[in-house]
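Following the UniProt record's numbering from start to finish, the sequence shown increments by one per residue and tops out at 251.
Think of the CB as a built atom: it goes at the ideal place given N, C-alpha and C, for glycine as much as any other residue.
What follows is a set of notes on a single structure, which appears directly below.
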Amino acid sequence: RSDGLAGKVAVVTGASSGIGAATALALAAHGASVVLVARREDRLQDLARQVQSTGGHAEVAVADIADEAQARLTVERAVSVFGRVDILVNNAGLMLLGPVTGADTTDWRRMIDVNLLGLMYTTHAAIPHMRTQGGGHIVNISSVSGRGASPTSAGYSASKWGVGGFSEGLRQEVRLDRIRVTVIEPGVVATELTDHITHQDTKVAYEGRIQTMIPLESEDIAAAVVYAVTQPERVNVNEILIRPLDQG
Ligand code: NDP
């Protein structure tokens, strides 16, 4: 544990598993109070108890961030319970890989709604509070697929490329409000992300590819988030790209 983030309040979306859960634990271990956002309440309650058992402060905010009103409420919860919002980690996401040809376009809408619009809604809700407080930090979890693409990643890459564009414009806009913006672009991380792929051939192929490598752990990405948010205020870590050593 460290107290480098003592007094800070962090909202973490997608905290019910994988990178989001690891990030919430890491931020709490550095002294931040955390608001845990996702749809699966049981998972969030377990995580909140874990944070509280080590002396930390956690609040559960069950929300589908594809719904603008629900997304906004997660930020308002942070302000009503803990009095402020210093860090927003936009991590919730879906990776519904598959070819464009013959795609189930529902997959595209889900990815744009969660990966891109959901992140924009929470950001929109957080900025006024951060401005009033005199600063803040928005960390957006993109992907290597936010800067490169492959035949089955077009829809996912579209959503993550959008995160990159939004983040860069946002960075330039809000820096004078002392709000920092960081984009993190992980390569393959061992999480539940692949479970939801609906295109079966792509799912099998992707899972086979993971078998050929030692993927990153969620904690590796959590460490990158902690690095970005614990830098001196003059330092704006714009972008971090992290691949497993085994990933070409
Ligand atoms: P997981 O599937 O383990 O976690 C995804 C999280 O997002 C869950 O907590 C899930 O919670 C939440 N989520 C999904 N939809 C919604 C929604 N509509 N509203 C609120 N929360 C939602 O995968 P990861 O931890 O791997 O993914 C986290 C992020 O990292 C994603 O943005 C992903 O694109 C990105 N990433 C992951 C990589 C990897 O290889 N694993 C590589 C590069 C980027 P719930 O279902 O309870 O709502």
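Query                                                                                                             : Result
Identity of the residue in E171, S170 and R150 nearest A161 by Cα                                                 : R150
Boundaries of the alpha helix (DSSP H) in which P131 is found, first to last residue                              : L122 to Q136
Selection from V15, E188 and P131 that minimises the alpha carbon distance to V177                                : P131
Backbone secondary structure at N94 - three-state DSSP                                                            : coil
Cβ neighbours of A128 in the same chain (closer than 6 Å, five flanking residues each side left out)              : R75 and V78
V192 beta carbon less than 7 Å from that of E88                                                                   : The question names Glu, but residue 88 is Val in the sequence shown. Not in contact: V88 and V192 (Cβ atoms no closer than 7 Å).
Residue closest to A61, alpha-carbon to alpha-carbon, out of W111, V228 and G34                                   : G34
Spatial distance of P154 from V103 (CA atoms)                                                                     : 8 Å
Option nearest G10 by Cα separation, candidates V37, A18 and T26                                                  : V37
L97 and V14 closer than 7 Å at C-beta                                                                             : no
Where the alpha helix (DSSP H) through residue 265 begins and ends                                                : Because the chain is modelled from 4 through 251, residue 265 falls outside the range shown and cannot be assessed.
Ordered list of alpha helix (DSSP H) runs contained in the stretch 65 to 111, each at least 4 residues            : 71 to 85
Nearest neighbour of I243, chosen from T215, S145, D249 and W164 [CA to CA]                                       : S145
Proximity of T16 and V228 at Cβ, strictly below 7 Å                                                               : no
Sequence-distant residues of its chain with Cβ nearer than 8 Å to A226 (five each side left out)                  : A29
Contact test: L196 Cβ vs the ligand NDP heavy atom, cutoff 6 Å                                                    : yes
Nonlocal neighbours in the same chain, by C-beta distance under 8 Å from I213, ignoring five residues either side : V191, A193 and T197
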